Amino acid sequence: MRESIIMKIHYGTALAAVALVAVHVLMRLTQSFAESLEYANVIANYQFLPYAGMLEIILILLSIHGFNGLRVILLELKQGKTYEKAVSYGCLAAMIGLIAYGSRTIIMVNMGMI
Amino acid sequence: MENHDENKEGIGGMINPRRYGIERVAYLLMRLSGLGLLAYFIGHIYETSSILKGQVGWNEFLALTQTNEGHAILAIVIAMCVFHTVNGIRVMLGHGGVGVGKPARPDYPYIPASQNARHKMGIYSAIVLAAIAMMYGLAVMFGE
Numbered sequence: 001m002r003e004s005i006i007m008k009i010h011y012g013t014a015l016a017a018v019a020l021v022a023v024h025v026l027m028r029l030t031q032s033f034a035e036s037l038e039y040a041n042v043i044a045n046y047q048f049l050p051y052a053g054m055l056e057i058i059l060i061l062l063s064i065h066g067f068n069g070l071r072v073i074l075l076e077l078k079q080g081k082t083y084e085k086a087v088s089y090g091c092l093a094a095m096i097g098l099i100a101y102g103s104r105t106i107i108m109v110n111m112g113m114i
Numbered sequence: 001m002e003n004h005d006e007n008k009e010g011i012g013g014m015i016n017p018r019r020y021g022i023e024r025v026a027y028l029l030m031r032l033s034g035l036g037l038l039a040y041f042i043g044h045i046y047e048t049s050s051i052l053k054g055q056v057g058w059n060e061f062l063a064l065t066q067t068n069e070g071h072a073i074l075a076i077v078i079a080m081c082v083f084h085t086v087n088g089i090r091v092m093l094g095h096g097g098v099g100v101g102k103p104a105r106p107d108y109p110y111i112p113a114s115q116n117a118r119h120k121m122g123i124y125s126a127i128v129l130a131a132i133a134m135m136y137g138l139a140v141m142f143g144e
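Residue numbers (the working numbering), protein chains in the order written: chain A, 1 to 114; chain B, 1 to 144.
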């Protein structure tokens with residue numbers, strides 16, 4: 001994929017994540033901070049489908065943005081055909097791994113599998 | 001044969017915030033905050049997965065984070081998040097050609113038109129807003 005397209009994705013995921021993370025943080029402030037983190041409250045959050053969907057979208061957006069950012073930093077440090085491929089595929093694998101791990105939590109709690 | 005690598009400073013050159021003004025400091029802070037936020041994000045995904053262990057597992061992990069040290073780390077995360085966001089928007093606008101000045105003949109002392117007061121103000125605003133957000137975060141977490 002062309003770097004110009006990757007940067008557009010990088011900026012797009014950043015802007016979308018800012019809006020959604022703001023909602024995620026504001027949800028913690030609808031009640032006292034400690035109260036919002038109580039087990040029953042967190043379970044209720046996960047089992048509210050629109051909110052669970054938003055968490056999944058945040059997970060995907062931040063994983064793409066975060067690991068592409070890491071890739072950019074590592075490519076600034078050193079260049080070379082093998083190195084660049086290793087960094088790009090390594091970041092892609094880590095991104096997929098994190099999305100899979102986070103999705104597992106969201107899906108299992110949402111479906112009451114705990 | 002001439003060594004073409006002699007000017008490469010590697011990671012030392014990348015993390016050196018001196019010589020090029022506040023823009024260079026912003027460059028370094030952007031990367032440090034990005035790496036910090038990625039580390040926090042991975043930790044947060046791992047932390048929230050403890051809910052799969054039931055109420056006991058959740059409360060045990062929560063107890064680890066609801067400490068003074070945990071709150072201090074979260075306050076730093078808030079500051080990094082705000083700086084990264086505000087400075088990121090400045091960088092995006094700059095890449096889009098907003099606030100970088102008009103192309104002109106390079107004259108002595110060769111100050112780049114893009115390194116102007118508007119962008120410097122953007123960087124200082126990002127730092128100030130990050131500090132304010134951190135203080136607010138500390139007030140919320142320690143005020144209970």
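In this text, a Cβ means the ideal position worked out from N, Cα and C, and glycines have one as well. Here the structure is a predicted model, which means the values were calculated and not measured.
Residues near residue i by beta carbon distance below 8 angstroms, same chain, minus five either side
i, result
"A/ILE99", "LEU59, ILE60, SER63"
"A/ASN110", "TYR46, GLN47, LEU49, ALA52"
"A/HIS24", "MET54, LEU55, ILE58"
"B/ARG118", "GLY99"
"B/ASN116", "GLY99, VAL100, GLY101"
"A/LEU20", "MET54, ILE57, ILE58, LEU61"
Cut-off 7 angstroms between Cβ atoms - residues of its own chain near residue i, not counting five sequence neighbours on either side
i, result
"A/LEU75", "GLU84, VAL87"
"A/THR13", "LEU61, ILE64, HIS65"
Spatially closest choice to residue i from the options, by CA coordinates
i, options, result
"A/ALA94", "A/MET113, A/ASN68, A/ILE114", "A/ASN68"
"A/TYR101", "B/GLY12, B/LEU37, B/HIS44", "B/HIS44"
"A/CYS91", "A/ILE73, A/SER36, A/SER103", "A/ILE73"
"B/PRO103", "B/SER114, B/ARG18, B/ASN87, B/LEU52", "B/SER114"
"A/LEU70", "B/ILE127, B/GLY34, B/PHE83, B/ILE42", "B/GLY34"
"B/LEU32", "B/LEU93, B/TYR20, B/CYS81, B/SER49", "B/CYS81"
"A/ILE114", "B/GLY12, B/ARG105, B/SER49", "B/SER49"
"A/HIS10", "B/ALA130, B/TYR108, B/HIS95, B/VAL128", "B/HIS95"
"B/ARG90", "A/GLU3, A/LEU15, A/ARG2", "A/LEU15"
"A/ALA17", "B/GLU47, B/THR85, B/ALA79", "B/THR85"
"B/TYR20", "B/PHE41, B/LEU93, B/PRO112", "B/PRO112"
"B/ALA133", "B/LEU37, B/MET141, B/LYS53, B/ALA79", "B/ALA79"
"B/GLY36", "B/GLU47, B/LEU64, B/ASN16, B/PHE83", "B/PHE83"
"B/PHE142", "B/GLU69, B/ALA130, B/MET30", "B/GLU69"
"B/LEU64", "B/GLU47, B/ILE15, B/GLY12", "B/GLU47"
"A/THR105", "B/ALA130, B/ILE51, B/ALA131", "B/ILE51"
"A/SER4", "B/PRO106, B/LEU129, B/MET92", "B/MET92"
"A/MET136", "B/GLY97, B/GLY54, B/ILE15", "With chain A running from 1 to 114 in the structure shown, residue 136 of chain A is simply not present."
"B/GLY88", "B/ALA126, B/TYR108, B/ASP107, B/GLN66", "B/ALA126"
"B/GLN66", "A/MET27, A/ALA34, A/VAL21, A/GLY97", "A/ALA34"
Proximal residues of chain D, C-beta to C-beta of residue i below 9 angstroms
i, result
"A/ILE73", "Going by chain labels, chain D is absent from the structure shown, which instead holds the protein chains A and B."
Same chain, Cβ closer than 6 angstroms to residue i, neighbours up to 5 away in sequence not counted
i, result
"A/LEU37", "none"
"A/LEU26", "none"
What residue ranges within the segment 34-97 of chain A form continuous alpha helix (DSSP H) runs of no fewer than 4 residues, ordered along the chain?
39-47, 49-77
Inspect the CB distances between the segment 11-29 of chain B and the segment 122-142 of chain B and report whether three or more fall short of 8 angstroms.
yes
When you compare the segment 68-75 of chain B with the segment 133-144 of chain B, are there three or more beta-carbon pairs, one atom per stretch, that lie closer than 8 angstroms?
yes
Would you check if the segment 56-66 of chain B and the segment 34-46 of chain A touch, i.e. whether three or more CB-CB distances between them fall below 8 angstroms?
yes
Write down every uninterrupted run of the beta strand (DSSP E) in the segment 67-105 of chain B whose length is 3 residues or greater and which is fully enclosed by it, in chain order.
none
Alpha helix (DSSP H) segments (min. 4 residues) lying fully within the segment 17-72 of chain B:
22-48, 54-65
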